[in-house]
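Using our numbering, you'd call the opening residue of the sequence shown number 3 and step up by one each time. From the three backbone atoms N, C-alpha and C, an ideal C-beta is built for every residue, glycine too. One structure is given here, and the rest of the page talks about it.
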Amino acid sequence: MKSGWFSEVNDLWPGVALSLEVEEVLHSERSQFQEILVVKTKSHGKALMLDGIIQCTEKDEMSYHEMISYLPLCSHPKPQHVLIVGGGDGGVAREVAKHPDVEHVTLVDIDNRVIEVCRQYLPRLSLGLNNPKVNISVGDGFEFLRNHRGEYDVIITDSSDPVGPAENLFKQSYYELLKAALKPGGIIASQAGTAWLNMDQVKFTFQHCRTVFPVAAYAITSVPTYPTGQIGFVLGSLNDKINLAEPVKIFSDEDLDRMSIMYYNNKVHQAAFALPRFVENGLRE
Ligand code: AAT
C-alpha cells in the first residue's frame, strides 16, 4: 500500500471498515502464510496487519494483551506453565511473563516472519519474546497440541481470525486438544470475536468451549482499532468449582504500577464477564 488511509475492508465484517491514516509504510511482504504489513499511523503509533486485518496498534494493544493474559492467569491459583498459541508479536508473552507465579512460557506461532518483523519494528511488544521465561517454537498450534498432553496450567490462544492459517483454531477438535494439553485444574482463554458483528462466530466458539469444558464463559474488552471497538474471549476451566469472573489473584495498585499494567485490575476482570442482554441471550441459544 501507499501512504494515505488504510481501511480494514474484509468479508468477515461486511459493510464496515475501520480506517487509520498512514504516515509511512515500514514493511510489507508476503510470507509463506500471509501478507504482513507494518505501518506508522498518524494517531495510533505503529500497527501490524496480517492479510489486511489489524492485529495490533501501539496505542491500544495493552487492553487486548493484558485482558487475554490476566483473565485466565488471575483465575488460576498457581499458573506456573503457560502455552501461548499465536501471539508472534510478543504482546501476550510480555504480559504473561510479568505474572510472579509464571515460571515457563512456550509460544508457538505458525509464521516465523511475523516474529522477525515484530522484533524489528515493534520492540515494545516483541520485548516479551526476549524474556528468559519464554521459549519460542515455530509451527502450527493445532499440530503442536497433538503432541503435548497434561503439560500446561494455562493456554492462551492469541490467534488471528478464522480465515487463513488460524481456521483450525476455531474448531471443536481444537478445544479437545486444548483440554488434553492442560494439567488438572487448567484454564484456557481464546480470542473469540465481537458479538456486535460476528455473533455466529462468538456462539460457535463458545459452544465448542462449553461442550468440552465443565466451566465456560465469554468476557469482553474494548479495543478501539478492532472491528466494532470490542473483542471477546472464551474461557474454559477444568476446575468445576471455579467462578471465572472472580479472580483468585488480586494485584494491588502497587503491583499493577510495578508491572506497568495499564488496563487490567480486579474490577475490570469482574466487569469483563458482565454481558449485555443480547449477548447473554445469544449465548444461551
Ligand atoms: N497479539 C495480537 C495479534 C494477533 S496475532 C495472531 C497470530 O496468530 C499471528 O502471529 C499468526 O501468525 C498466528 N497464527 C495464525 N494461525 C496460527 C496457527 N494455526 N498456529 C499458530 N499461530 C497461528 C491476534 C489478532 C486478532 C485480530 C482480531 N480481529
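Pair within 8 Å by beta-carbon distance, residue i and residue j
i	j	result
GLU60	LYS44	no
ILE70	VAL94	yes
GLY17	GLU37	no
ILE112	PRO167	yes
ASP13	GLN57	no
LYS42	GLU25	yes
GLN272	GLU256	no
PRO186	LEU240	yes
SER192	VAL250	no
VAL106	HIS83	The residue asked about is misnamed: residue 106 is His in this sequence, not Val. It is a contact, given that the beta carbons lie within the stated cut-off.
GLU97	GLU68	yes
GLU10	PRO229	yes
LYS2	GLU287	In the structure as shown, the chain begins at 3 and stops at 287. Residue 2 is therefore absent and cannot be evaluated.
LEU184	ILE190	yes
SER139	VAL116	no
THR227	LEU52	no
ASN170	TYR176	yes
LEU258	ASN267	yes
Extent of the continuous alpha helix (DSSP H) to which residue i belongs
i	result
ASP257	255-260
MET201	201-214
ILE309	Shown here, the chain extends from 3 to 287; a query on residue 309 therefore has no answer.
GLY88	Counting along the chain, GLY88 falls outside any alpha helix (DSSP H), though it belongs to the beta strand (DSSP E) covering 83-88.
LEU285	279-286
LEU147	143-148
Inter-residue CB distance, residue i and residue j (contact presumed, cutoff 8 Å)
i	j	result
THR108	ASN137	5 Å
LYS181	VAL214	5 Å
ILE158	ILE233	About 14 Å; that fails the 8 Å criterion.
LEU39	CYS120	That belief does not hold up - the Cβ atoms of LEU39 and CYS120 are roughly 12 Å apart, past 8 Å.
ALA274	LEU73	6 Å
TYR66	THR223	7 Å
CYS211	ALA221	Not really, about 12 Å apart at Cβ, beyond 8 Å.
ALA99	GLY130	6 Å
HIS46	TYR123	No, HIS46 and TYR123 are not in contact; Cβ-Cβ is about 14 Å, not under 8 Å.
GLY89	ASP160	4 Å
GLN203	PRO164	7 Å
ALA194	GLY284	Contact doesn't hold; Cβ gap of about 13 Å is too wide.
Extent of the continuous beta strand (DSSP E) to which residue i belongs
i	result
LYS100	Unbroken run through LYS100 is the alpha helix (DSSP H), 93-100; no beta strand (DSSP E).
ARG32	21-32
GLU37	37-43
VAL18	Per DSSP, VAL18 belongs to no beta strand (DSSP E) and is neither H nor E.
ILE157	154-160
Helix, strand or coil at residue i according to DSSP, with G and I counted as helix
i	result
GLN232	strand
SER9	strand
PRO186	strand
ASN132	helix
TYR266	coil
SER105	Going by the sequence as given, residue 105 is Glu instead of Ser. Coil at GLU105, not helix or strand.
GLU60	coil
ALA191	strand
LYS181	helix
ASN137	strand
ILE222	strand
LEU52	strand
LEU240	coil
Closer than 8 Å to chain B by CB, residue i
i	result
ASP13	Protein chains in the displayed structure number just one, and chain B is not present.
Any non-hydrogen atom of the ligand FMN closer than 7 Å to residue i Cβ
i	result
HIS29	Within the structure as shown, the ligand FMN is missing, the only ligands being the ligand AAT.
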